[in-house]
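Visitor: In the numbering used here, the protein residues as written are 205 to 319.
Just so you know, even glycine gets a beta-carbon here, dropped at the ideal spot from N, CA and C.
Now the structure itself:
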């Protein structure tokens with residue numbers, strides 16, 4: 205009888221040991237999964253930080269180029285204004301020339317009628 209009870213206790217102990225080892229193994233797998241997830245997140249964060257740095261540098265370069273373009277545009281506007289101020293005035297417009305030609309024709313007609 206003691207032998208049977210001893211065997212039953214040993215079986216119960218063995219089952220309890222197997223169950224606890226199963227839960228420990230399951231917990232270890234979960235921890236490994238969490239650890240892998242954390243490592244993946246850390247790598248993604250590092251990539252995001254380096255991408256942010258790269259974009260900031262590119263943004264700064266674009267801002268500097270924009271400022272240069274704005275300065276160049278201002279200089280060009282000043283040069284255009286100066287060129288307009290110093291440019292000779294147009295002699296006459298087409299309509300003014302037509303009027304002048306008509307006046308000259310009338311004067312010629314009058315002078316030919318007088319003679």
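What is the rounded straight-line gap between the Cα of residue 310 and the Cα of residue 286?
Guide: 42 Å
Visitor: Scan the region 229-284 and note each continuous beta strand (DSSP E) run of 3 residues or more that stays entirely inside, going in chain order.
Guide: none
Visitor: So for residue 287, helix, strand or coil by DSSP?
Guide: helix
Visitor: Tell me the rounded alpha-carbon separation between residue 267 and residue 230.
Guide: 55 Å
Visitor: Cα separation between residue 236 and residue 226?
Guide: 15 Å
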